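*Asks:*
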Amino acid sequence: MFGLTAVFVLLSIVLFVNNRTMSIVDGASQTLFAHMAGESGAAIDKSLTSIDALSMLVAADPQAVAYRDAVQPSFIKRMRVVLDAMPVVSAVYIGYENGGFVLLRRLSSDAVRRHLAAPDEARFLLERIAPEADEKSSHVSVTAATLTFLDDGLHPILISPPSSLGYDPRARDWYRHARAQSKPILTDPYWFYATGERGITFARRLPHGDGVLGIDLGLADLSMKLMRLRNTASTALLIANARGDVLATTAEAVTPASDVALHAHGAAPEPISPATQEGLTASPIMHRMMRASRDTVSSTGPQRITVEGHRWTMRVMPVSASGWLFRVVLATPDDEVLAEERRMVAILEMISLLAVFVMLIVIRFTARRVSQPLVAISRQAEALNAFDFSGAMRKQHSPVTEIETLSGALHAAGATLQRFVEIGRTLAAERDPDRLLARLLDETVHATRSNGGVIVLTEDDGVHFRIGARTNAGSNDPGTSEATDRQRNASMTIARVFGTEGMAVDTRAGGLGERIRDALQRHAATQLSWPIAGGVSAGSVPGETLLAALTAGRTPENHGGAPTSRLQVIALRNRANELIGGMLLLMHGDDIAANVSGQSPRTVPGDLDLARALAGNAAIALETALLLKSRKALLDGVVRMIAEAIDAKSPHTSGHCQRVPVLMQALVQAACEAKHGPYASFSLTPDDWEAVEVASWLHDCGKLTTAEYVIDKATKLETLANRIHEIRMRFEVLKAHAHIDYWRAVATGALETEARATRDQALRSLDDDFAFVAHCNEGGESMQPEHVDRLRTIARRRWTRTLDDMLGTSRDERARMAHCRADHTPAIGLPREEPLLADREEHIIGHEPNALSEREARFGFRMKPLPDRMNLGELHNLSIERGTLTPEERFEINRHITRTIVMLEGLPLNGALKNVPEYAGGHHEKMDGGGYPRGLTRNQMSPIARMMAVSDVFEALTAGDRPYKKAKPLSEAFKIMGKMKRDNHLDPDSLDLFVSSGVWRSYASRFLMPWQDDNPDIADILAITPRERSAT
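Reminder that position 816 of the sequence shown reads as 816 in UniProt numbering, one-by-one numbering, no gaps.
(1) Which runs of the beta strand (DSSP E) spanning at least 3 residues fall entirely within the region 307 to 339, listed in chain order?
(2) Where do the N-terminal and C-terminal ends of the beta strand (DSSP E) with residue 156 fall, by residue?
(3) Beta carbon of residue 970, beta carbon of residue 1010: below 8 Å?
(4) Identify, in the order they occur along the chain, each residue of the same chain with its Cβ nearer than 7 Å to the Cβ of residue 406, setting aside the five sequence neighbours on each side.
(5) Measuring only the C-alpha atoms, how far is residue 69 from residue 63?
(6) By how many angstroms is the C-alpha of residue 306 removed from the C-alpha of residue 31?
(7) Starting from the Cα of residue 575, find the closest Cα among 567, 620, 582, 587 and give me that residue.
(8) Give the DSSP bridge partners of residue 163, in chain order.
(9) Nearest-angstrom Cα distance between residue 685 and residue 390?
(10) Under DSSP, the alpha helix (DSSP H) around residue 691 begins and ends at which residues?
(11) Please classify residue 614 as buried or exposed, where buried requires at least 16 other C-beta atoms within 10 Å of its C-beta.
(12) By alpha-carbon positions, which one of 679, 237, 691 ends up nearest to residue 635?
(13) Over what stretch of residues does the alpha helix (DSSP H) that includes residue 863 continue unbroken?
(14) Report the rounded CA-to-CA distance for residue 457 versus residue 466, giving the unit in angstroms.
(15) Under the three-state reduction of DSSP, which class applies to residue 190: helix, strand or coil?
(16) Do residue 453 and residue 585 come within 8 Å of each other at the CB atom, strictly closer than that value?
(17) Return helix, strand or coil for residue 984, following the three-state DSSP convention.
(18) Looking only at its own chain, which residues have a Cβ that is under 7 Å from the Cβ of residue 1013, when we skip the five neighbours before and after it?
(19) Look at the Cβ atom of residue 938, then the Cβ atom of residue 946, and state whether they are nearer than 8 Å.
(20) How many angstroms separate the CA atom of residue 665 from the CA atom of residue 459?
(21) For the region 64 to 84 against the region 209 to 217, are there 3 or more C-beta pairs whose distance is under 8 Å?
(22) Skipping 5 residues on each side, what residues in its chain have a beta carbon closer than 8 Å to that of residue 85?
(23) With DSSP as the reference, label residue 758 as helix, strand or coil.
(24) Could you give the distance in angstroms between the alpha-carbon of residue 667 and the alpha-carbon of residue 1002?
(25) Specify the secondary structure class of residue 526 as computed by DSSP and reduced to three states.
(26) Can you tell me whether residue 985 is buried or exposed? The criterion is at least 16 other CB atoms within 10 Å of its CB, across all chains shown.
(27) Can you give the beta carbon distance from residue 290 to residue 246, rounded, assuming they're within the 8 Å contact cut?
(28) Pick from 928, 361, 238: whose alpha carbon is nearest that of residue 316?
(29) On the three-state DSSP scale, how would you describe residue 96?
(30) By Cβ distance, which residues of its chain are closer than 6 Å to residue 731, with the 5 residues on each side in sequence left out?
(31) Is residue 903 helix, strand or coil by DSSP?
(32) In chain order, what residues of the same chain have a beta carbon less than 8 Å from the beta carbon of residue 1040, not counting five sequence neighbours either side?
(33) For a test of the three-state rule: what should DSSP assign to residue 264, helix, strand or coil?
(34) Output the residue ranges of the alpha helix (DSSP H) runs that lie fully inside the region 199 to 240 and measure 4 residues or longer, sorted by chain position.
(35) Within the continuous alpha helix (DSSP H) that includes residue 580, where are the two ends?
(36) Measure the CB-CB distance between residue 129 and residue 100 and report whether it falls below 8 Å.
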């Protein structure tokens, strides 16, 4: 009681002195603050008044009206007067309505000089942006900026070549706001990129011209003025504008690189956000002052605050300067202001402490004995609250029973929480269901200190169990040799009984399996017991086989002397509360013996409670992992289904989408296994492998949109059918006319021999012309100019059509023909003579808009659509110079890669799968940038995309199911690929790896004909050196 009385008296004295001291602080700090606020306001007002006056003079200058006058040396000198008169001004500039711009910047900062690469003798930078059009034009385009470095006499030192900075003064906030107002404006503070300091822009509209004068003000000198106004070393001052943006502080500022804006290069000087302002200084008190400056309803009276254990007095006061409103915030540490008073308080405290010293010693001794365990418990509780398990959670001993009990409970709670967190991390990190089961069981057996366990998964509504994972922890003392032997023997026994995970147990056969099935049907955990005298062997009953696995190698002697064993059965249920399996935990044999002898068991009820708590999370994690596995299987199935659908579209490319993945994955595997060369450090994660697999299967998914007849077009006139038959019928009609002319001539009295000769000559000519047309249709040889001329000669032959060619046509074809022949009617113009071969207007089929084409147009591919989607003209097709495809059809074929990219980019891919469009969409690119669809170079493509190109080319060269070419033997295929390597079409590293690794050998044995494997000389290919590429 005496100690409490002494403490009470001491506290009363301290409280009295503290109250008196605070009264003194209030009076002194109020006076001091008013003085400093007035000085700060005066400094701001003086600077703004001077700048306002100077800006009025410059703006009123006649030479400021037009850009051509403003760039004259005489006016530049007057701009310098502003810089010389006001040290806070870093730049003076004028922007004009026609886009013209002139700026004079002081080069006073080393950072500015380095950034602009200014010569040593340069003192100013003159920037000019002249408009291309006449100054009176309202629509101009801004030309490149000219930067001129000037010495102290404003003489040019260095003129940089004109360059485009993308800067238009008319788009700047200072220009637009000042232009819209008759009074000058003051911007919010922002970072000057060139000077590395914060500042504001003072801007006003030119009175006699279409332009705005701007002046950049650095605020560093105002901050220095505030530093001089401090009355103590730690006093903090802050000045902010009306919206709370900080203008100056006494704290050292930090310039975040991400917030720097260079308005001279076009970056918008956006206001600094409150969060960014607080990041300008590491001072905690300054953070509080910044928040107070933004509080528009804060009191102007003193505020007592505590920052990092130190008490401060803070006040906020509004200040008006030159028509703008500012807020001044002052914070002073109490211990610096009242040093003398605090010494007096210390003397009084010493007197008080001396009076109660003896009492405090006694109290401290007693409290120490009690508080030490409490402090340790408190630290342990804080560590648990932060999930920090790095320190040892030791049980604390105390003479107070309640404290010792609390320590024991906290120790147990910490151990349980640590196990729970570790197992939760395990469940969250593992996505493979099989590994998840094994890790889950292992962690649970360890956490619950069980002797072993099994996880079973239900099948057929619980009729069968499938063993998903099993483990045998042996003894809980793994350091002993006996425990190690028991664990080794038990593990070997389990391996002999089960063989591998996945064994099924029929619960209908009775035994332990049936008992476990019944236990799992209950919502509560169930404990099963059975005798183990003499051990249990694996019999023919599946349930007993499970029992034998759990008790393998155990007898009452090595099972803690217990005649029975106990199994804890915990059900695993999914989110729908459906039974999906169970966890079987084998209790320690010494636990059973302890129960018999009355000793404390090793597996305590809390461990089993933890296991039951983990079972819920385990079930959810297992369900999620199984769901992810099934979704991945679904994705793989859909990917293969799309690839098979593409191959099924054409019998001539029926295996391409299935053969390329074989080549691609083998080549990537070879890259991962490489120990030397460019792929020595190449490796892929499982997610990366999934992306490679999906990309290789879907690399041609755009062919789903390509017409089948274009893919399969084997002759020039082939569409859905070979139109050579239609042309042959026209020749047959002409031959029939030859016979008719013969008989008509004979009937009219002509000599029969002459008529026959004329007929036979016409028939021979027609047969010869058709044979030529049919040969051209095959497309096996290149068309020479004389061949095209002969086709045109044949086309001029006339035949007579007597029937309406719109009869029996489709709706779309009739509409197209009607559009092309607006005056067409069936009753007019028949019979009609027509060319034997023709390119008619209705043969041209235009593009039809669709969502995929619209998305494709937004990608900016190098490939551009031709004017027409299809041209079915007969002469147009027969005159194809090489092959069977017209330019329109060739574009459609090549277009499959752009469609592939657009389709894949439209999928909701994430993680490594985001790379699938890049992997799949680059197999037609060339290393020199000459490929399509984007014209990428080697450095712009990933190694996997370059490997995809090699795999696709090799498959295409060796495939034997293409309608337009024969399969090539390996030697010829490698010769072509070697030429592509030399010409920088294929990646040399990927091709060398493909050849040297022997990937092609296994592929050839599976997919190529025996005659194609002609033992190519791979040394020649490896020796090829790519031609030197031009820099890109």
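For each residue, glycine too, the CB sits at the ideal point set by N, CA and C.
Since this is a predicted model, take the numbers as computed values, not measurements.
*Replies:* The relevant details are as follows:
(1) 310 to 321, 324 to 333
(2) 156 to 159
(3) no
(4) 377
(5) 5 Å
(6) 22 Å
(7) Ranking the options by Cα distance to residue 575, first place goes to 620.
(8) 145
(9) 30 Å
(10) 686 to 697
(11) buried
(12) In terms of Cα proximity to residue 635, the closest of 679, 237, 691 is 691.
(13) Looking at the DSSP string, residue 863 is not in any alpha helix (DSSP H), and its letter there is neither H nor E.
(14) 5 Å
(15) strand
(16) yes
(17) coil
(18) Same-chain partners within the cutoff: 970, 1004.
(19) Yes, the pair counts as a contact, with Cβ atoms nearer than the cut-off.
(20) Rounded to whole angstroms, residue 665 to residue 459 spans 35 Å at the Cα level.
(21) yes
(22) Within its own chain, the residues whose Cβ lies closer than 8 Å to the Cβ of residue 85, once the five positions on either side in sequence are excluded, are 50, 54, listed in chain order.
(23) Of the three classes helix, strand and coil, the one that applies to residue 758 here is helix, per DSSP.
(24) 11 Å
(25) Under the three-state reduction of DSSP, residue 526 is assigned to strand.
(26) Buried: at least 16 other Cβ atoms inside 10 Å.
(27) 6 Å
(28) The residue with the shortest Cα to Cα distance from residue 316 is 238.
(29) strand
(30) 766, 770
(31) Reduced to three states, the DSSP call for residue 903 is helix.
(32) Nothing about residue 1040 can be read from this structure; the chain reaches only from 1 to 1032.
(33) Confidence in residue 264 is poor, its pLDDT being 40 and thus under 50, which makes the residue's placement unreliable; the coordinate value appears in the next sentence. Residue state, collapsed to three classes: helix.
(34) 220 to 229
(35) Looking at the DSSP string, residue 580 is not in any alpha helix (DSSP H); the run it does join, the beta strand (DSSP E), is 579 to 586.
(36) yes
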